[in-house]
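Residue numbers (our numbering): 25 to 496.
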Ligand code: NAD
């Protein structure tokens, strides 16, 4: 089939490449001419494992091409996938649909033949119906142009695998024809047995918001348990293991730490709650405010514990920060908890040296005032404290004894609960973590209880609903 993919960012670039990989002819479209030029030459401007190979292969084969022209797209496509960004509105915790609206307003007047517009961006319930009416007003082809929604569930870091072998496909359609077209698009996945849920557009739109709300809730739940563990002198990782064996609960997404960030979860739960409010059922999801607040609190707690580990203040201290991206295996720093913490301690006077395997360029664009280094040892040299803020596999492989040679202070805060605490401690490091007791300095004494109290600020509310780059 001839597909266009409009918006070639973290979602669209992967979708376009994977659709070409399964045999479609694909035209990627973006307003960012630099991005389109790079992709057109087979170069991927983001870090996403496996993507470069597929883009290189499909561009060379001629099945994947790129343009900035919506007119070219309108002529080319049987199906137009809309993958543009839907960030948080600058003035409210709601979804900013300007890019989606701009695509529809630009594309529809150029549509002179039968085709299907399929949204993949994450949008509030009711968007498909609104856009379908708009398309009917604008498209010369009239009723021959339909709109459907097909929310995307890919995870950055696994985006290629998730697109080629999704756990499920959800489509919100208004006709059998639209359903049939989408079954054809995804035929290889369907023949692999991927569950295909065909429903009305509002349900499809809500599935995405509900899924992200559930995932955010699971993360904030275990982080809330970490706070209770800190106060009680208990260990949240053991608690999570024990909970996770219950098949009704499961262990995934139950790792306590610095919390969630990125270009999806934080803004999606806010947009979901905002839309529920517009629909008159805000009270049904008011718990999402608390989920958001617990999440923000982990960033403040991390800063508080770090300050505590430095004896009460950051001024005059060098701090090594390991990790800038919101998660490992991505270069995405949007609303990154790691970057929010790095920015906050820099503002309090710390001399921050930040390392990240893939995210330095993007981080520097957000926080140019920090010092960036491409080598873990250089980042940690002479640091009074090391902060482990993004769970890259590379950091788990650090030899704490070797690192101690350049970091005589030997203090580390593992805000991802990912390092082997006993290994680090046996190499002479003071290691603290969120939700885990710190062993006594003198063997035989009681473990430290109440990290939260010792860190000072406890549950004090902080600034809500603002992405990290605006709080940082
Ligand atoms: P992104 O910012 O990486 O990419 C968006 C792209 O759209 C950019 O390249 C931008 O230049 C382009 N664009 C903006 N306006 C345009 C226009 N009028 N015409 C053509 N191109 C335009 O964002 P993303 O992370 O890819 O997210 C896109 C959507 O997918 C969002 O709704 C997001 O919530 C959703 N989503 C993202 C992920 C993810 O992991 N990133 C996963 C599932 C769903």
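Think of the CB as a built atom: it goes at the ideal place given N, C-alpha and C, for glycine as much as any other residue.
Next item on the list: Determine, using beta-carbon pairs with one atom in the region 335–345 and one in the region 354–361, whether at least three such pairs fall under 8 Å.
Entry: no
Next item on the list: Can you give me the Cβ contacts of residue 49 inside the same chain, cut-off strictly under 6 Å, excluding the 5 residues immediately before and after it?
Entry: For residue 49, where only same-chain residues beyond five positions count, the Cβ hits under 6 Å are 26 and 87.
Next item on the list: Quick one: residues in its chain with C-beta nearer than 6 Å to the C-beta of residue 326, no 5 flanking neighbours on either side, listed in chain order?
Entry: 282, 365 and 439
Item checked: According to DSSP, residues forming a beta bridge with residue 220 -> Residue 220 is bridged to 193.
Check: Start and end of the beta strand (DSSP E) containing residue 208?
Finding: It is not in any beta strand (DSSP E) - residue 208 instead sits in the alpha helix (DSSP H) that spans 200–209.
Check: Can you tell me whether residue 491 is buried or exposed, with buried defined as 16 or more other CB within 10 angstroms of its CB?
Finding: For residue 491, the predicted structure reports a pLDDT of 45, less than 50, and the residue's modelled location is therefore unreliable. A value from the coordinates is still provided. Looking at its Cβ environment, which holds 16 or more other Cβ atoms inside 10 Å, residue 491 is buried.
Margin query: Can you find the residues in the same chain that come closer than 7 Å, C-beta to C-beta, to residue 165, ignoring five residues on each side of it along the sequence?
Written below: 135, 136, 137 and 138
Margin query: On the CB-based measure, 16 or more other CB atoms within 10 Å of its CB, does residue 95 come out buried or exposed?
Written below: exposed
Next item on the list: Output the boundary residues of the alpha helix (DSSP H) element that contains residue 419.
Entry: 417–420
Check: Could you give the distance in angstroms between the alpha-carbon of residue 158 and the alpha-carbon of residue 313?
Finding: 33 Å
Next item on the list: Ignore the nearest five residues each way along the sequence and tell me which others in residue 33's own chain have a CB closer than 6 Å to its CB.
Entry: none
Checklist line | Pick from 29, 163 and 382 that is closest to residue 418, judged by C-alpha positions | finding: 382
Next item on the list: Only counting runs of 3 or more residues, tell me where the beta strand (DSSP E) segments fall wholly within the region 120–192, in order along the chain.
Entry: 139–143 and 169–173
Notebook entry, point to check: Per DSSP, residue 435 is paired with what?
Noted result: 454
Next item on the list: Give every residue of the same chain whose Cβ lies closer than 6 Å to the Cβ of residue 212, excluding the five residues on either side of it in the sequence, and list them in chain order.
Entry: 46
Notebook entry, point to check: Is residue 183 near ligand 1, in the sense that its beta carbon is under 8 Å from a heavy atom of that ligand?
Noted result: yes
Checklist line | Neighbourhood of residue 379 by C-beta distance below 6 Å, restricted to the same chain and skipping five residues each side | finding: 346, 397, 400 and 403
Notebook entry, point to check: In angstroms, rounded to a whole number, what distance separates the CA positions of residue 151 and residue 62?
Noted result: Residue 151 and residue 62 have their C-alpha atoms roughly 32 Å apart.
Check: Do residue 421 and residue 437 have their C-beta atoms within less than 9 Å of each other?
Finding: no
Next item on the list: Quick one: using the 10 Å Cβ neighbour count with 16 as the cut-off for buried, is residue 221 buried or exposed?
Entry: Here residue 221 is exposed. Its C-beta has fewer than 16 other C-beta atoms within 10 Å.
Next item on the list: Have a look at 386, 84 and 377 and flag the residue whose alpha-carbon is nearest the alpha-carbon of residue 409.
Entry: 377
Note to self: Please return the same chain residues whose Cβ sits closer than 6 Å to the Cβ of residue 362, not counting the five positions on each side in sequence.
What the structure shows: 347, 348, 413 and 414
Notebook entry, point to check: What is the DSSP secondary structure of residue 475, reduced to helix, strand or coil?
Noted result: Its pLDDT being 49, under 50, residue 475 is placed unreliably in this model, and the value from its coordinates should be taken loosely. DSSP places residue 475 in helix when its eight states are reduced to three.
Notebook entry, point to check: Would you report the Cα separation of residue 241 and residue 41, rounded to the nearest angstrom?
Noted result: 32 Å
Notebook entry, point to check: Quick one: Cα of residue 286 to Cα of residue 360, how far?
Noted result: 6 Å
Notebook entry, point to check: Roughly how many whole angstroms lie between the Cα atoms of residue 44 and residue 51?
Noted result: 9 Å
Notebook entry, point to check: In chain order, what residues have a CB nearer than 6 Å to some heavy atom of ligand 1?
Noted result: 30, 31, 32, 33, 34, 35, 36, 53, 54, 55, 56, 59, 107, 108, 109, 110, 123, 126, 127, 145, 146, 176, 178, 180, 287 and 288
Next item on the list: Could you tell me which residues DSSP pairs with residue 60 in its beta bridges?
Entry: Answer by DSSP bridge pairing: none, since residue 60 is not bridged.
Notebook entry, point to check: Which two residues bound the contiguous alpha helix (DSSP H) that contains residue 326?
Noted result: 311–333
Check: Any chance the region 257–264 sits against the region 66–83, with 3 or more Cβ pairs inside 8 Å?
Finding: no
Note to self: I'd like to know whether the C-beta atoms of residue 322 and residue 411 end up nearer to each other than 9 Å.
What the structure shows: no
Notebook entry, point to check: For residue 294, which option in 115, 36 and 75 has the closest C-alpha, if you only look at C-alpha atoms?
Noted result: Ranking 115, 36 and 75 by CA distance to the CA of residue 294 puts 115 first.
Next item on the list: Assign residue 32 to one of three DSSP states: helix, strand, or coil.
Entry: Assigned with DSSP and collapsed to three states, residue 32 falls in coil, not helix or strand.
Note to self: Rounded to the nearest angstrom, what separates residue 474 and residue 317 at their Cα positions?
What the structure shows: With a pLDDT of 48 at residue 474, under the threshold of 50, the predicted position of this residue should be treated as unreliable, and no value is reported.
Item checked: Alpha carbon of residue 416 to alpha carbon of residue 351, nearest angstrom -> 8 Å
Note to self: Need the endpoints of the beta strand (DSSP E) that residue 90 sits in, please.
What the structure shows: 88–91
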